[in-house]
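J.:
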């Protein structure tokens, strides 16, 4: 639901402001406008913040002209973004004791300015701690309300992470795509000031332009081996592993039949999975990779560390306490 009880809203037909007092269903809400309570459809209301920042305060121009202009715009036009997928911040203002506008919180929207629908997993981390998680779908050429965050939350080193996948899978496209942003407080203050100067209602961060293609697997030239008399057997098709920044090697994450496997078979599968994601990280020039191996007896961790010591691409790796994984993960830096 885009709106919540207590939200300030604008009646598009009358230009009156009111408040949401109840959610009727996914298409209607109950509002209170100057003491009068009545139901209304969602497409007949909007947030007043767009009006506040879209109207230019010049005395020689009537506000009604700008309101009419806003009503004619499609929903994505509220966000001053180009093609691609964006994370948009809508500041929600309140008044201080001096009657000045101050930012109380931010309303976050995922804006899809492409012709493709995406599934997504959205997580928010503060100081390395998972605080919020949401899984849903954003249609093509639309926006999706995620949640609100307080203005003070920007002081806790927020990280907004996304894992995207196609709503309609395509064998030519990557299975999934990860990205994140970590806005800094000074950066946000600067964007707020630019937003005020430009008379805009939101500021946005681009997550990606186009969804990536599936990475083609390099096939080695085996013709010389064949000519030398060696038998070369064509292997079956193997799926290309898309890049990840965090890989969980707990056996129950890798297979549904883990209870029927021996310890040696489990370890073999975990190490093969590690190698696949390690290679994918190199192919995509990642700066780091986190491998979750758990604590347990430490056998898997020791095997991975032994492999890493022989990898010339590894700048360093460390198994230290992590706020999210404890001592059960190794951070690899390339």
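In this note's numbering, the protein residues as written are 879 to 1212.
For glycine and all other residues, C-beta sits at the position ideal for the given N, C-alpha and C.
Given the structure is predicted, the values throughout are model-derived calculations rather than measurements.
Would DSSP call residue 1008 helix, strand or coil?
T.: Three-state result, residue 1008: strand.
J.: Taking C-beta to C-beta, are residue 1211 and residue 1173 nearer than 7 Å?
T.: No, the Cβ-Cβ distance between residue 1211 and residue 1173 is not below 7 Å.
J.: Measuring only the C-alpha atoms, how far is residue 886 from residue 990?
T.: Going by the C-alpha atoms only, they are around 25 Å apart.
J.: Could you give the distance in angstroms between the alpha-carbon of residue 884 and the alpha-carbon of residue 1002?
T.: Going from the Cα of residue 884 to the Cα of residue 1002 covers about 24 Å.
J.: Quick check: what's the CA-CA separation for residue 1151 versus residue 1000?
T.: Computed Cα separation, rounded: 24 Å.
J.: Under a three-way DSSP split, which group does residue 1121 fall into?
T.: It is coil, neither helix nor strand.
J.: Thinking just about the alpha-carbon of each residue, which of 915, 963, 1207 is nearest to the one in residue 1083?
T.: Nearest C-alpha to residue 1083: 963.
J.: Bridge partners of residue 897, per DSSP?
T.: 886, 910, per the DSSP bridge assignment.
J.: With DSSP collapsed to three states, give me the class of residue 834.
T.: The question about residue 834 has no answer, for the chain in this structure spans 879 to 1212.
J.: Report the residue from 967, 1067, 1032, 994 whose alpha carbon sits nearest the alpha carbon of residue 1024.
T.: Cα-wise, what sits closest to residue 1024 is 967.
J.: Could you give the first and the last residue of the continuous beta strand (DSSP E) run that contains residue 1025?
T.: Taken as a continuous stretch (DSSP letters only), the beta strand (DSSP E) holding residue 1025 covers 1020-1028.
J.: Where does the unbroken beta strand (DSSP E) through residue 989 begin, and where does it stop?
T.: Segment 979-991, the beta strand (DSSP E) holding residue 989.
J.: Return the first residue and the last residue of the beta strand (DSSP E) that residue 1150 is part of.
T.: First-last for residue 1150: 1141-1161, but that is the alpha helix (DSSP H), not the beta strand (DSSP E).
J.: For the beta strand (DSSP E) holding residue 1044, just list the boundary residues, first then last.
T.: 1036-1044 is the span of the beta strand (DSSP E), which, as asked, contains residue 1044.
J.: Can you tell me whether residue 1199 is buried or exposed? The criterion is at least 16 other CB atoms within 10 Å of its CB, across all chains shown.
T.: Looking at its Cβ environment, which holds fewer than 16 other Cβ atoms inside 10 Å, residue 1199 is exposed.
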